[in-house]
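The structure appears right after this line, and notes come after that.
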Amino acid sequence: MTELARPELVCPAGTPAALKSAVDAGADCVYVGFRDETNARNFPGLNFSRKELGEGVAYAHAHGAKVLAAINTFPRAGQPQLWHRAVDDAAKAKVDAVILADIGLIEYAARTHPELRLHLSVQAAASNPDAIRFYAERFGIKRVVLPRVLTVSEIAAINPRIAPVETEVFVFGGLCVMAEGRCALSSYATGQSPNMNGVCSPAGEVRYTETPEGITSELGGFTINKFAHNEPAGYPTLCKGRFIANDKASYLFEEPTSLNTLAILPDLIRAGVTAFKIEGRQRGRAYVAAVVQAFRQGIDAVLAGRPLPDIDLDRITEGGKQTTGAYEKAWR
Amino acid sequence: MAQGQARTAAKTATPPFSPVLLLGVALKPVRPQLLQPIFDSMLGIIRRRHPDILERMADYADKPVCIDPTDLPFVILLDPNPEEPRLTVRREIDPAEVAATIHGPLEMLIALAEGKVDGDALFFSRRLVIEGDTEVVVALRNAIDGAGIDLIEDISQHLGPLGRPFRGLAGAAIGLIGRLRDDFEMLRSSLIAPAVKDVDAQSARIAALEGEVKQLRKAARRGGAA
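Protein chains in written order, with my numbering: chain A, 13 to 344; chain B, 120 to 345.
If you want it as structure tokens, here you go:
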């Protein structure tokens, strides 16, 4: 039997404390962002200053882990300076790679920092060999983070066609059900989007109101959901809103649910994926530690030929529900 | 304002039956001002050991937050102004005084501050209730989670030579609370067992009736179509 390659476990960190938690829990890589709109988790009180990034890189490297800087929003037309500075400062901090989405920013990084390793963000929505090869041939992209729309067999088919470009796939966390990097729902309701401002459903536009029937969530003045008492809640995003159509209130796009691929890890490893990514830079240290430990154990078990560990992550999932999403496309 | 009126979400954020709830009952006659020195010391320790919290909250300096331990008879007002932060204990707070309010049982709020539980998960499970300006709550959660607070370690360091005995006492107290919590849970289960049995029976009956209604509606639609 062919020996399985050991995939990297790529973990989120929204703060220096979360970075340490991830490294201590067994992360191979930690991905982070600056405290501004250059990354897709530009949330209040979150992310790294330049000094914190330098210290984080030193801590990770001292413990044998890598740090990736997500600079994965799209620069405003005619004002790319903030994004250019982010790439420059990430290179200066000696990060192991930058994760980029905008083609102009990728060109800047490739030209200005030829030694800097480039990863293509999921926000670039490159989901076929032609698109991936284009980025690799033109700009030297070394790894692509695949959009969450492909089945395991489709990923297995892509891998040999784009070699030596590596693939990274999401294995746990929040799900984007739209074309990533192109979703305008948040922008429609609030004027701000993850693509341009680094924030989907900005907290400043969210209101929760307790009523005798339960809790009502609003985004940008639109009521998007009502949860009865004791009903698990989800993120206040339009794609996970509950709307009335044909006199029936239901989740038209996606229910509040989290991706969890622990059960199909062997299939993803056999598909030749290089890195497994955990979503959730906006989540706390407790989430980071729990999910990283679970996937560390899962990957190590598969590689050692042991059965998958039975780890319950229900308590940290959105809406208390889990799915394998498009990897299995169970709805087909 | 009558006592408790400030707790606009108190009706839905029912405190769990726990040793802390009992402590809360015992503390009811105590004037909050008597507890203020404890919160002044805590703020001093946090400012010294975790200055990054206020730095991350710099954009929200003028947005006070009410922290409502639902099992205690008082609330805490956090004024995050980096120049002059304040942590004030009060019997009640008018919601108009604050930008946002966070409701939850004390033990859960402490676990959240120490990064032992995930804030989003608590919110999803409805154990944590927030009201008002969500942005300032998210900023505070992120700032505190990122600080790496360890209350016992932080206080021990502050106490100098008394830190070691304090650690021992705190460890013993945590153990005692844990055992009491188990006992309280047993008592609670025992007290509500008959009610739970009735509710289960009613739920089963409702489910059966819903099934019958569904069948009747289907039949009515078929009849209408014919």
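Just so it is clear, CB atoms sit at the ideal spot from N, CA and C, and this is done for glycine as well.
From a predicted model like this one, the values you see are computed outputs, not experimental measurements.
Item checked: Chain-ordered chain A contacts of Glu250/B [CB-CB under 7 Å] -> In chain order: Tyr220, Glu222.
Margin query: To the nearest angstrom, how far is the alpha carbon of Pro156/B from that of Val315/B?
Written below: Near 44 Å, if we compare the C-alpha coordinates of Val315/B and Pro156/B.
Notebook entry, point to check: Taking Cβ to Cβ, would you say Gly251/B is nearer than 8 Å to Val217/B?
Noted result: Yes, these two residues count as a Cβ contact at 8 Å.
Item checked: Through-space distance from Met208/A to Pro141/A, alpha-carbon basis -> Taking the straight line joining both Cα atoms gives about 26 Å.
Note to self: Please confirm whether Lys337/B has its beta-carbon closer than 8 Å to some beta-carbon of chain A.
What the structure shows: Cβ-Cβ to chain A under 8 Å: no for Lys337/B.
Check: When the Cα atoms are used, what is the spatial distance from Gly287/B to Ala316/A?
Finding: Cα to Cα, Gly287/B sits roughly 42 Å from Ala316/A.
Notebook entry, point to check: For Tyr120/A, is the classification buried or exposed, using 16 other Cβ atoms within 10 angstroms of its Cβ as the cut-off for buried?
Noted result: Counting of Cβ neighbours within 10 angstroms places Tyr120/A among the buried residues, the total reaching 16 or more.
Next item on the list: Note down, in chain order, every chain A residue with its Cβ under 9 Å from the Cβ of Asn261/B.
Entry: Under the 9 Å cutoff, chain A gives Gly26, Thr27, Phe55, Pro56, Gly57, Leu58, Asn59, Gln294, Gly296.
Item checked: Own chain residues within Cβ distance below 8 Å of Tyr43/A, not counting five before or after -> Excluding residues up to 5 positions away in sequence, Val22, Cys23, Pro24, Ala25, Val79, Leu80, Ala81, Ala82, Ile111, Lys289, Arg293 lie with their Cβ nearer than 8 Å to the Cβ of Tyr43/A in the same chain.
Next item on the list: Report the option in Asp181/B, Arg150/B, Arg341/B whose CA atom is closest to the CA atom of Glu202/B.
Entry: The option with the nearest alpha carbon to Glu202/B is Asp181/B.
Note to self: Give me the chain B residues within the contact set of Gly405/A, using Cβ-Cβ distance strictly less than 8 Å, ordered along the chain.
What the structure shows: Residue numbering for chain A in the displayed model covers 13 to 344; residue 405/A lies beyond these limits and cannot be assessed.
Next item on the list: Return the chain-ordered list of same chain residues with a C-beta closer than 6 Å to the C-beta of Glu225/A, the five sequence neighbours on each side being excluded.
Entry: Counting only Cβ-Cβ distances below 6 Å, and skipping sequence neighbours, we find nothing.
Notebook entry, point to check: Going by beta carbon distance, what residues of the same chain come within less than 6 Å of Ile323/A, once the five residues before and after it are set aside?
Noted result: Same-chain partners within the cutoff: Ala306.
Next item on the list: Output yes if chain A places a C-beta closer than 8 Å to the C-beta of Met176/B; else output no.
Entry: For Met176/B, the answer is yes, since a Cβ of chain A falls inside 8 Å of its Cβ.
Next item on the list: Measure from the C-beta of Thr335/A to each C-beta in chain B and report whether the shortest distance is under 8 Å.
Entry: For Thr335/A, the nearest beta carbon of chain B is not closer than 8 Å to its own beta carbon.
Check: From Pro321/A to Arg308/A, what distance separates their C-alpha atoms?
Finding: Taking the Cα positions, Pro321/A is about 10 Å away from Arg308/A.
Next item on the list: Using a Cβ-Cβ cut-off of 8 Å, state whether Arg62/A counts as contacting chain B.
Entry: For Arg62/A, no Cβ of chain B is located within less than 8 Å of the residue's own Cβ.
Margin query: Is the separation between the beta-carbon of Ile118/A and that of Tyr147/A shorter than 8 Å?
Written below: For Ile118/A and Tyr147/A, yes; Cβs fall inside 8 Å.
Notebook entry, point to check: Who are the near neighbours of Gly38/A in its chain, counting only those whose CB is closer than 8 Å to its CB and skipping five residues on each side?
Noted result: Cβ neighbours of Gly38/A within its own chain (closer than 8 Å, five residues either side excluded): Leu21, Val304, Gln305, Arg308.
Item checked: Segments of 4+ residues assigned as alpha helix (DSSP H) that fall wholly inside the segment 164–234 of chain B -> The segment 164–234 of chain B contains these whole alpha helix (DSSP H) runs: 170–175, 225–232.
Next item on the list: Note down, in chain order, every chain A residue with its Cβ under 7 Å from the Cβ of Thr189/B.
Entry: For a Cβ distance threshold of 7 Å, nothing in chain A lies close to Thr189/B: the least Cβ distance comes to about 13 Å.
Notebook entry, point to check: Looking at the unbroken beta strand (DSSP E) that takes in Gly251/B, where does it start and where does it end?
Noted result: Element bounds for Gly251/B: 248–251.
Next item on the list: Locate the alpha helix (DSSP H) running through Lys260/A, then write down its first and last residues.
Entry: Not the alpha helix (DSSP H): Lys260/A falls in the beta strand (DSSP E), residues 260–263.
Next item on the list: Return helix, strand or coil for Val22/A, following the three-state DSSP convention.
Entry: For Val22/A, the secondary structure class from DSSP, reduced to helix, strand or coil, is strand.
Margin query: Ignoring anything shorter than 4 residues, give me the alpha helix (DSSP H) runs that lie fully in the segment 247–317 of chain A, in order along the chain.
Written below: If we require 4 residues or more, the alpha helix (DSSP H) runs fully inside the segment 247–317 of chain A come out as 277–282, 297–315.
Check: With 8 Å set as the bound, which would you pick, yes or no: does the beta-carbon of Lys235/B sit closer than that to a beta-carbon of chain A?
Finding: Yes - at least one Cβ of chain A is within 8 Å of the one on Lys235/B.
Note to self: So, with DSSP's three-state summary, where would you put His345/A?
What the structure shows: This structure cannot speak to residue 345/A, because chain A is shown only from 13 to 344.
Notebook entry, point to check: Do three or more CB pairs link the segment 190–198 of chain A to the segment 245–252 of chain A at distances below 8 Å?
Noted result: With the cut-off at 8 Å, the segment 190–198 of chain A and the segment 245–252 of chain A touch.
Margin query: Check whether the segment 141–151 of chain B and the segment 185–201 of chain B are in contact - that is, three or more C-beta pairs closer than 8 Å.
Written below: The segment 141–151 of chain B, when compared against the segment 185–201 of chain B, does touch it at the 8 Å Cβ threshold.
Next item on the list: Report the option in Arg150/A, Leu65/A, Glu49/A, Asp114/A whose CA atom is closest to the CA atom of Asp108/A.
Entry: Restricting attention to Arg150/A, Leu65/A, Glu49/A, Asp114/A, the CA atom closest to the CA of Asp108/A is found in Leu65/A.
Margin query: Within a Cβ cutoff of 6 Å, which residues of the same chain sit near Ile167/A, ignoring the five residues on either side of it in sequence?
Written below: Ala283.
Margin query: Give me the chain A residues within the contact set of Asp159/B, using Cβ-Cβ distance strictly less than 8 Å, ordered along the chain.
Written below: Simply none; closest approach about 24 Å.
Next item on the list: Give a yes or no on whether 8 Å exceeds the smallest Cβ distance from Ile293/B to chain A.
Entry: Among the CB atoms of chain A, none fall inside 8 Å of the CB of Ile293/B.
Margin query: List, in chain order, every chain A residue whose beta-carbon is nearer than 7 Å to that of Phe243/B.
Written below: Around Phe243/B, the beta-carbon contacts reaching into chain A at under 7 Å are Pro244, Ala245, Gly246, Glu330, Gly331, Gly332.
Next item on the list: Give me the Cα-Cα distance between Ala258/B and Val285/A, rounded to the nearest whole angstrom.
Entry: Near 35 Å, if we compare the C-alpha coordinates of Val285/A and Ala258/B.
Notebook entry, point to check: Is Ala122/A near the ligand ATP, judged by its Cβ being under 7 Å from some heavy atom?
Noted result: Among the components of this structure there are no ligands whatsoever, and the ligand ATP is therefore not found.
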